[in-house]
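A.B. asks:
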């Protein structure tokens with residue numbers, strides 16, 4: 073595949089496709105994305121990526137998207153649909169492969185699933201294999217990568233493991249928890265996908281089974297996740313839990329929809345391990361083990377959180393308060409509010425930057441004092457550290473029971489909590505110009521550790537609605553008072 077060739081990507085709104093896009097662009101490929109709703113995807117893709125309308129279930133929409141394409145990534149499936157997902161997958165694969173052949177596409181790269189073919193193979197895994205067969209049937213060479221559990225923050229399997237371990241100190245586990253799999257880190261999956269573009273196959277189709285070096289069960293993955301998070305978890309095996317009952321159970325304690333969970337769990341009764349060593353003959357890729365993959369997922373999640381502007385997560389209409397827990401950044405829970413301030417951003421941020429120390433916390437300082445004494449009793453730092461400078465903050469400064477993690481002058485301040493908590497906490501303020509004044513947004517974020525962390529968050533959440541809302545109003549008044557003095 074010549075460097076700079078045009079590559080078509082389907083599934084760019086999905087977990088793997090969304091991460092693949094910037095890597096292809098950085099490697100010098102020209103990239104085009106197929107999307108049912110281009111207007112939703114276009115703002116989220118890297119600069120230079122073309123987004124075109126099309127639907128793999130609508131054959132007539134595909135030829136324009138295929139024009140000039142050298143290779144195409146096929147990463148769509150209908151597992152979350154309410155109808156016959158296997159029939160929809162077959163139709164979509166036929167449409168896509170036929171359009172690719174008509175346009176002269178030289179290669180299709182498909183990400184499927186591991187699992188040994190047999191009469192009792194689950195509907196989900198059988199459909200994954202059938203899609204590969206339908207793609208190959210139209211004559212375009214196909215590189216089919218078959219993977220088991222993909223470990224990465226945001227992946228379906230990883231988020232299921234996270235939710236179960238974080239929320240359940242004791243788990244009643246069905247048989248599928250002990251079936252062997254061969255997990256692979258998302259970074260290694262992406263490396264194989266990129267390599268598939270230039271892999272020498274002699275213009276023939278090939279199936280490559282990919283996985284990390286470890287063969288482990290979901291139970292072992294949950295124990296390793298718990299170890300890295302400092303949690304103790306107990307599992308009680310119960311052989312009577314059917315896939316249907318297990319999926320309903322997952323629907324209660326994880327972000328998964330029950331219908332997706334049932335299809336996924338039905339596949340977990342089959343071992344999904346690598347039985348062919350073709351992947352080992354690709355010297356450029358050496359997948360990491362389970363321990364490193366989980367560690368990477370947690371570190372990458374922290375890095376993504378550090379780069380995020382929470383204001384970007386709110387709609388243009390701007391709900392006054394939004395609160396959710398779950399999947400945006402793993403198990404982080406968020407409580408955010410904003411208000412319009414009749415002062416320019418510089419004055420508003422100056423009020424934000426004076427927080428703590430002698431200035432206090434703009435509302436209910438006595439409650440902050442009580443919180444500090446409680447923290448001292450628990451062995452924490454309390455509120456006695458004050459601050460280095462009464463007016464200005466720098467990254468690394470202590471601020472009572474917080475530490476400054478990020479400062480963007482006249483724009484953004486993020487504090488990381490250093491009090492004793494069953495988890496990690498941040499308090500962020502962001503100032504933006506708005507209608508001749510400013511919008512001031514305050515966001516409290518908590519990453520709970522286990523059930524105790526969840527209980528803490530929901531226990532103090534009602535108090536946050538009073539204290540944090542009062543703090544926001546106090547900052548606004550201080551900024552407007554400063555502006556009034558400047559006018560006089």
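Residue numbers (the working numbering): 73 to 560. All C-beta atoms in this analysis are idealised placements derived from N, C-alpha and C, irrespective of residue type, glycine included.
Please say whether residue 114 and residue 123 have beta carbons closer to each other than 8 Å?
C.D. replies: yes
A.B. asks: Rounded to whole angstroms, how far is the Cβ of residue 260 from the Cβ of residue 203, which I believe are closer than 8 Å?
C.D. replies: The Cβ separation is near 22 Å, so there is no contact.
A.B. asks: Could you give the distance in angstroms between the alpha-carbon of residue 174 and the alpha-carbon of residue 92?
C.D. replies: Whole-angstrom Cα-Cα distance: 26 Å.
A.B. asks: For residue 306, collect the residues of the same chain with a Cβ closer than 6 Å to its Cβ; drop the 5 residues on either side in sequence, then sort them by chain order.
C.D. replies: 242
A.B. asks: By the DSSP assignment, the beta strand (DSSP E) with residue 504 in it spans what residues?
C.D. replies: Its beta strand (DSSP E) spans residues 495–506.
A.B. asks: Do you know whose CA, among 102, 200, 81, 191, lies nearest residue 149's CA?
C.D. replies: 200
A.B. asks: Count the C-beta pairs between the segment 133–148 and the segment 78–95 that are closer than 8 Å, then say yes if the count reaches three, no if not.
C.D. replies: yes
A.B. asks: Ignore the nearest five residues each way along the sequence and tell me which others in residue 286's own chain have a CB closer than 6 Å to its CB.
C.D. replies: 361, 362
A.B. asks: Assign residue 438 to one of three DSSP states: helix, strand, or coil.
C.D. replies: It is helical.
A.B. asks: Decide if residue 206 is buried, meaning its Cβ has at least 16 other Cβ atoms within 10 Å, or exposed.
C.D. replies: buried
A.B. asks: According to DSSP, is residue 282 part of a helix, a strand, or is it coil?
C.D. replies: Note: residue 282 maps to coil in three-state DSSP.
A.B. asks: Just curious, the alpha helix (DSSP H) that residue 98 is in, first and last residue?
C.D. replies: It spans 87–98 - the alpha helix (DSSP H) in which residue 98 sits, taken as one unbroken run.
A.B. asks: Is it buried or exposed for residue 158, if we count other Cβ within 10 angstroms and need 16 for buried?
C.D. replies: That one is buried.
A.B. asks: Which class does residue 82 belong to by DSSP, given the choice of helix, strand or coil?
C.D. replies: The answer is coil: DSSP assigns residue 82 none of H, G, I, E or B.
A.B. asks: Could you name the residues of the same chain whose beta carbon sits closer than 8 Å to that of residue 185, not counting the 5 residues immediately before and after it, in chain order?
C.D. replies: 196, 197, 200, 201, 218, 219, 220, 339, 344
A.B. asks: Return the first residue and the last residue of the alpha helix (DSSP H) that residue 258 is part of.
C.D. replies: 258–270
A.B. asks: My output table needs one value for residue 466: the three-state DSSP class, helix, strand or coil.
C.D. replies: coil
A.B. asks: Which term fits residue 464, buried or exposed, when burial requires 16 or more other beta carbons within 10 angstroms of its beta carbon?
C.D. replies: It counts as exposed.
A.B. asks: Give the DSSP bridge partners of residue 248, in chain order.
C.D. replies: For residue 248, which the question treats as bridged, DSSP gives no partner whatsoever.
A.B. asks: Under 8 Å between the Cβ atoms of residue 429 and residue 462?
C.D. replies: yes
A.B. asks: Quick one: grab the DSSP three-state call for residue 475.
C.D. replies: strand
A.B. asks: Entirely within the segment 109–197 and at least 3 residues each: give me those beta strand (DSSP E) ranges in chain order.
C.D. replies: 122–125, 143–146, 179–185
A.B. asks: Put residue 77 into one of helix, strand or coil per three-state DSSP.
C.D. replies: coil
A.B. asks: Can you tell me whether DSSP reads residue 309 as helix, strand or coil?
C.D. replies: In the structure shown, residue 309 sits in a strand (DSSP, three-state: E or B).
A.B. asks: Under the three-state reduction of DSSP, which class applies to residue 390: helix, strand or coil?
C.D. replies: Low confidence applies to residue 390: its pLDDT is 35, below 50, so where it sits in the model is not reliable, and the reading given next is rough at best. Residue 390 falls in the coil class under three-state DSSP.
A.B. asks: Where are the alpha helix (DSSP H) runs, 4 residues long or more, that stay fully inside the segment 191–232, in chain order?
C.D. replies: 195–208
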